[in-house]
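Asks: Let me begin by handing over the structure; questions about it come next.
There are 2 protein chains.
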Amino acid sequence: MRNFVFQNKTKIIFGRDTEEKVGKEIKRLGKQKVLFHYGGGSIKRFGLYDKVVKHLKQEGIEFVELGGVKPNPSLRLVKEGINLCEKEKVDFILAVGGGSVIDSSKAIAAGVPYEGDVWDFYDNKAQIKEALPLGVILTLPAAGSEASDSSVITNEERKLKRGTGSPLIRPTFSILNPEITFTLPPYQTAAGITDMMAHIMERYFTQERNVDLTDHMCEAVLKTIIKNAPLVLENPEDYNARAEIMWAGTLAHNGLLDTGRLGDWGTHMIEHELSALYDLTHGAGLAIIFPAWIRYVYKAYPEKMLRFFHNVFDVEAVFDDPHYMIEEGLKRLKNFYRSIGMPVSLKDAGIKDNRFEEMAEKCTVFGPVSNFVKLEKSDVVEIYKLAAE
Amino acid sequence: MRNFVFQNKTKIIFGRDTEEKVGKEIKRLGKQKVLFHYGGGSIKRFGLYDKVVKHLKQEGIEFVELGGVKPNPSLRLVKEGINLCEKEKVDFILAVGGGSVIDSSKAIAAGVPYEGDVWDFYDNKAQIKEALPLGVILTLPAAGSEASDSSVITNEERKLKRGTGSPLIRPTFSILNPEITFTLPPYQTAAGITDMMAHIMERYFTQERNVDLTDHMCEAVLKTIIKNAPLVLENPEDYNARAEIMWAGTLAHNGLLDTGRLGDWGTHMIEHELSALYDLTHGAGLAIIFPAWIRYVYKAYPEKMLRFFHNVFDVEAVFDDPHYMIEEGLKRLKNFYRSIGMPVSLKDAGIKDNRFEEMAEKCTVFGPVSNFVKLEKSDVVEIYKLAAE
Numbered sequence: 000m001r002n003f004v005f006q007n008k009t010k011i012i013f014g015r016d017t018e019e020k021v022g023k024e025i026k027r028l029g030k031q032k033v034l035f036h037y038g039g040g041s042i043k044r045f046g047l048y049d050k051v052v053k054h055l056k057q058e059g060i061e062f063v064e065l066g067g068v069k070p071n072p073s074l075r076l077v078k079e080g081i082n083l084c085e086k087e088k089v090d091f092i093l094a095v096g097g098g099s100v101i102d103s104s105k106a107i108a109a110g111v112p113y114e115g116d117v118w119d120f121y122d123n124k125a126q127i128k129e130a131l132p133l134g135v136i137l138t139l140p141a142a143g144s145e146a147s148d149s150s151v152i153t154n155e156e157r158k159l160k161r162g163t164g165s166p167l168i169r170p171t172f173s174i175l176n177p178e179i180t181f182t183l184p185p186y187q188t189a190a191g192i193t194d195m196m197a198h199i200m201e202r203y204f205t206q207e208r209n210v211d212l213t214d215h216m217c218e219a220v221l222k223t224i225i226k227n228a229p230l231v232l233e234n235p236e237d238y239n240a241r242a243e244i245m246w247a248g249t250l251a252h253n254g255l256l257d258t259g260r261l262g263d264w265g266t267h268m269i270e271h272e273l274s275a276l277y278d279l280t281h282g283a284g285l286a287i288i289f290p291a292w293i294r295y296v297y298k299a300y301p302e303k304m305l306r307f308f309h310n311v312f313d314v315e316a317v318f319d320d321p322h323y324m325i326e327e328g329l330k331r332l333k334n335f336y337r338s339i340g341m342p343v344s345l346k347d348a349g350i351k352d353n354r355f356e357e358m359a360e361k362c363t364v365f366g367p368v369s370n371f372v373k374l375e376k377s378d379v380v381e382i383y384k385l386a387a388e
Numbered sequence: 000m001r002n003f004v005f006q007n008k009t010k011i012i013f014g015r016d017t018e019e020k021v022g023k024e025i026k027r028l029g030k031q032k033v034l035f036h037y038g039g040g041s042i043k044r045f046g047l048y049d050k051v052v053k054h055l056k057q058e059g060i061e062f063v064e065l066g067g068v069k070p071n072p073s074l075r076l077v078k079e080g081i082n083l084c085e086k087e088k089v090d091f092i093l094a095v096g097g098g099s100v101i102d103s104s105k106a107i108a109a110g111v112p113y114e115g116d117v118w119d120f121y122d123n124k125a126q127i128k129e130a131l132p133l134g135v136i137l138t139l140p141a142a143g144s145e146a147s148d149s150s151v152i153t154n155e156e157r158k159l160k161r162g163t164g165s166p167l168i169r170p171t172f173s174i175l176n177p178e179i180t181f182t183l184p185p186y187q188t189a190a191g192i193t194d195m196m197a198h199i200m201e202r203y204f205t206q207e208r209n210v211d212l213t214d215h216m217c218e219a220v221l222k223t224i225i226k227n228a229p230l231v232l233e234n235p236e237d238y239n240a241r242a243e244i245m246w247a248g249t250l251a252h253n254g255l256l257d258t259g260r261l262g263d264w265g266t267h268m269i270e271h272e273l274s275a276l277y278d279l280t281h282g283a284g285l286a287i288i289f290p291a292w293i294r295y296v297y298k299a300y301p302e303k304m305l306r307f308f309h310n311v312f313d314v315e316a317v318f319d320d321p322h323y324m325i326e327e328g329l330k331r332l333k334n335f336y337r338s339i340g341m342p343v344s345l346k347d348a349g350i351k352d353n354r355f356e357e358m359a360e361k362c363t364v365f366g367p368v369s370n371f372v373k374l375e376k377s378d379v380v381e382i383y384k385l386a387a388e
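Just so you know, the protein sequences line up as chains R and Y, in that order. Residues in the first sequence are numbered consecutively from 0, following numbering that gives the first Met the number 0. Residues in the second sequence are numbered consecutively from 0, following numbering that gives the first Met the number 0.
Encoded structure:
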């Protein structure tokens, strides 16, 4: 087990009607002027927009708005947000949405007090030293950005999708009301589930020994997700199942499941190139890449994969036939993804052209990816090939 | 699942040699004058005292000392600490020890800015509105006080042991180095293990339905403790097993495993009267009371106990004979306690007199205890009787 520092200050406000607390929470922080940042029409369609406006006004909090965040949030809109905050003297950012809105808000929060170009943080050219505080009302359990210290932004001009991180961009509070997720379409629900599972698997697949407590907790959260996923897809208004999924999505990515080891993050890096190029949903991309990644790397430390498939997917422990366990496990993982409507190959996702070299080149531009085993460009090409059909 | 708010700001600094960071951490907080609070001679005997002094001095941090904290920390010493802090204009408290030292430090932290008698907080007469910040170097994984918002103090004059809680007394940082626990005697190690398990079980035994994620996480931490307990007792210098136990003790009581439900806490209340009267180690008292409590209350919601014994103690799921599962489960729980050297009855602990009425009276002075089922004085008497042999 490695030494670690764990601290997560985000105040999680969880449950029915909790969005009504947004005005009071911001007022308690003594903030005057809010940037209300959101995506498309769904928050207006389902009444959340009006509620937020009402509760901000009730507490006498001034705000300016910036909507229009899209999946794979764009650097262009981030810059627009930074300009707006400077012009309007905004001192707090309220993100109402999923991971894209939150990540865009984090970028704006870091960009406002920074003299240079905000992309510097994503291009490894500068570190975040200061940021505006931000709060969240979560509408899509998936990215875990509501309690994480990271943000991923897409530079549309350069066709690059890059991440940055700092405790300074961790939300001050996050409001999670499972009822808000009742109206999510099945595909988005399923892509979110795949994303949160991937966040845990990225942390679980490590060659670090003696991380038993963290591994058991990873398995606990994964099993809960796998059990509740079909329930929310069958009955989108099952409050308790929606609540399990929503809380799981936060715990998957709040840092707790990192403790004592380095995560892998290879699959995320390999997937990022897919969704940057094809505008594929991130979760769907992960369902395509993860089985291929496991098949390519498992021989480096098969025992960890055997534990995973046995403890999480109930594959029988056949000690003298690990090959059976891997194959059976991969079958069950793919079947699970398929059962919730995710693609498990590039072909499933309708991607037929072969730009593997180009994607692998971009993916490894800062050096090899993955920690489980280091993957060079040629390895990444092989993983894309395994993911083809 | 109930609505909840979860926030825990404590910075956990975990691993080898982390006590060397104590001076830097306090300096970063801009504090000038520290109360260095500790227990008996063990921190002097094993060199930790000298290390702390060295690292405080290295950073130019002034300090005054107050040693002498005993198990079941006393109100008298707390008051001495408060006077010392006022006299010396202390602005930060450093607790170096286990739960007793930390709880004593929390009481001092809350008492310094308070005009009235600090016991008011423990006697339900006042709420903590302000407190000095405190930091911890943990020497005994057990009470979980290093990241909790609670404190238990013994009023020796009135023979009362009472708790209070507030986010204001949660430590700012806690340093956890598993190596520091190598020298713990087996009995203290085992009592600590029993205590942390009880913290999880108190949270697990609820009639709240649909708390699946939290339940799975409780089971994850419990299984890790049960697996690693014999390892640390067999080889006290097994770093990795000590690390699993130490981190488990913190997670058992940092609030995470409460999410979505009310904990029970009946066993703690019933045990407190035992250790207040007999000066028994808290962990040993819990090993005596918990099996008796389970036997007395399980019929109110047997399914939860069946899940516990099946998922945590691997009792076979015999669906048509729950009685077998309860009996087999209780046997395994007691065998586990015995295997690590804990008593499982009052007789085992050498307590032969019968002061059950008196203890039950004090235990229920604020009303019935337990949430799983409400226990009146007469119920508590019955539980003491079940715990007798």
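For every residue, glycine included, the Cβ atom is placed at its ideal position computed from N, Cα and C.
Identify, in the order they occur along the chain, each residue of the same chain with its Cβ nearer than 8 Å to the Cβ of leucine 232 of chain Y, setting aside the five sequence neighbours on each side.
Replies: Pro185, Thr188, Ala189, Ile339, Gly340
Asks: Taking a Cβ distance cut-off of 9 Å, strictly less, list which residues of the stretch 3 to 17 of chain R are near chain A, in chain order.
Replies: Absent here is chain A; the protein component of the structure consists of chains R and Y.
Asks: Give me the Cα-Cα distance between threonine 153 of chain R and glutamate 270 of chain R, rounded to the nearest whole angstrom.
Replies: 13 Å
Asks: Run through chain R and tell me which residues come within less than 7 Å of glutamate 243 of chain Y, C-beta to C-beta.
Replies: Asp211, Leu212
Asks: Under 7 Å Cβ to Cβ from arginine 15 of chain R, same chain only, skipping five residues before and after it: list those, please.
Replies: Asn176, Glu178
Asks: According to DSSP, valine 4 of chain Y sits in a beta bridge with which residue or residues?
Replies: R:Ile12
Asks: For my contact list, isoleucine 42 of chain R and glycine 96 of chain R are in at a C-beta cut-off of 8 Å; report their separation, rounded to the angstrom.
Replies: About 7 Å separates the CB atoms of isoleucine 42 of chain R and glycine 96 of chain R; that is less than 8 Å, so the two are in contact.
Asks: Going along the chain, which residues of its own chain have a beta-carbon closer than 6 Å to the beta-carbon of alanine 242 of chain Y, five neighbours each way excluded?
Replies: Pro177
Asks: What are the boundary residues of the beta strand (DSSP E) that threonine 266 of chain R is part of?
Replies: No beta strand (DSSP E) holds threonine 266 of chain R; the alpha helix (DSSP H) holding it covers 265 to 277.
Asks: What did DSSP end up calling glutamate 375 of chain Y once you bin it into helix, strand or coil?
Replies: coil
Asks: May I ask you to list the residues that DSSP assigns as paired with serine 73 of chain R?
Replies: R:Thr153
Asks: Tell me which residue opens and which closes the beta strand (DSSP E) that serine 144 of chain Y is part of.
Replies: Taken as a continuous stretch (DSSP letters only), serine 144 of chain Y belongs to no beta strand (DSSP E), as it is neither H nor E.
Asks: Is it the case that the Cβ atoms of phenylalanine 120 of chain Y and leucine 28 of chain Y are separated by a distance below 8 Å?
Replies: Cβ atoms of phenylalanine 120 of chain Y and leucine 28 of chain Y: not closer than 8 Å.
Asks: Since lysine 30 of chain Y sits in a beta bridge, which residues does DSSP pair it with?
Replies: Under DSSP, lysine 30 of chain Y shares a beta bridge with no residue.
Asks: Using the beta-carbon of each residue, which ones in chain R are nearer than 9 Å to asparagine 310 of chain Y?
Replies: Within 9 Å Cβ-Cβ: nothing; asparagine 310 of chain Y doesn't reach chain R, min ~10 Å.
Asks: So which residues on chain R does arginine 1 of chain Y lean against when the C-beta distance must stay under 8 Å?
Replies: Gly14
Asks: How would you call glycine 426 of chain R, buried or exposed, if buried means at least 16 neighbouring beta carbons within 10 angstroms?
Replies: As shown, chain R starts at 0 and ends at 388. That puts residue 426 of chain R outside it, with no answer to give.
Asks: With respect to the alpha helix (DSSP H) encompassing leucine 221 of chain R, which residues constitute its N-terminal and C-terminal limits?
Replies: Per DSSP, leucine 221 of chain R belongs to the alpha helix (DSSP H) from 211 to 233.
Asks: Which residues in the same chain as asparagine 253 of chain Y place their Cβ atom closer than 6 Å to its Cβ, once the five residues preceding and following it in sequence are excluded?
Replies: Asn7, Ala146
Asks: Excluding the 5 residues flanking leucine 55 of chain Y on each side, which residues of the same chain have their C-beta closer than 6 Å to its C-beta?
Replies: Gly22, Phe62
Asks: Which residue marks the beginning of the beta strand (DSSP E) containing arginine 161 of chain Y, and which one marks its end?
Replies: 159 to 164
Asks: Lysine 222 of chain Y: which of Y:Ala286, Y:Leu230, Y:His198, Y:Phe312 sits nearest, CA to CA?
Replies: The shortest Cα separation from lysine 222 of chain Y among Y:Ala286, Y:Leu230, Y:His198, Y:Phe312 belongs to Y:Phe312.
Asks: Determine, for valine 220 of chain R, whether the minimum Cβ-Cβ distance to residues of chain Y falls below 8 Å.
Replies: yes
Asks: Does DSSP classify phenylalanine 62 of chain Y as helix, strand or coil?
Replies: strand
Asks: Please report how far the alpha carbon of glutamate 129 of chain R lies from the alpha carbon of tryptophan 264 of chain R, in whole angstroms.
Replies: Approximately 26 Å between the Cα atoms of the pair.
Asks: Find the nearest neighbour of isoleucine 85 of chain R within the set R:Val111, R:Ala106, R:Glu64, judged by alpha-carbon distance.
Replies: Correcting the residue identity first, residue 85 of chain R is glutamate in this sequence and not isoleucine. The option with the nearest alpha carbon to glutamate 85 of chain R is R:Val111.
Asks: Considering only DSSP beta bridges, list what tyrosine 37 of chain R is partnered with.
Replies: R:Val95
Asks: What residue ranges within the stretch 306 to 354 of chain R form continuous beta strand (DSSP E) runs of no fewer than 3 residues, ordered along the chain?
Replies: Counting only runs of 3 or more residues that sit fully inside the stretch 306 to 354 of chain R, no beta strand (DSSP E) segment turns up.
Asks: Measure the C-alpha to C-alpha separation of valine 77 of chain R and alanine 141 of chain R and round it to an integer number of angstroms.
Replies: 21 Å
Asks: Out of Y:Val135, Y:Ala125, Y:Val89, state which residue places its alpha-carbon closest to the alpha-carbon of threonine 9 of chain Y.
Replies: Y:Val135
Asks: Let me see if you follow: with CB-CB separation under 8 Å, is histidine 215 of chain Y close to chain R or not?
Replies: yes
Asks: Under 8 Å by Cβ, that's how I've got asparagine 239 of chain Y and methionine 0 of chain R pegged, so tell me the actual separation to the nearest angstrom.
Replies: By a beta-carbon distance limit of 8 Å, asparagine 239 of chain Y contacts methionine 0 of chain R. Their separation comes to about 6 Å.
Asks: Would you mind working out which of Y:Leu133, Y:Ile199, Y:Asp211, Y:Val314 sits nearest phenylalanine 35 of chain Y, comparing C-alpha positions?
Replies: Y:Leu133
Asks: Which whole-angstrom value describes the C-beta separation of aspartate 148 of chain Y and isoleucine 174 of chain Y, a residue pair presumed to lie in contact below a C-beta threshold of 8 Å?
Replies: At roughly 19 Å, the Cβ-Cβ gap does not stay under 8 Å, so aspartate 148 of chain Y and isoleucine 174 of chain Y are not in contact.
Asks: Using the Cβ count rule (16 or more neighbours within 10 Å means buried), how would you classify lysine 346 of chain R?
Replies: In this structure lysine 346 of chain R is exposed. Its beta-carbon is surrounded by fewer than 16 other beta-carbon atoms within 10 angstroms.
Asks: Please list the residues of the stretch 245 to 262 of chain R that have a C-beta atom closer than 8 Å to any C-beta atom in chain Y, keeping them in chain order.
Replies: Trp246, Ala247, Leu250, Leu255, Thr258, Gly259
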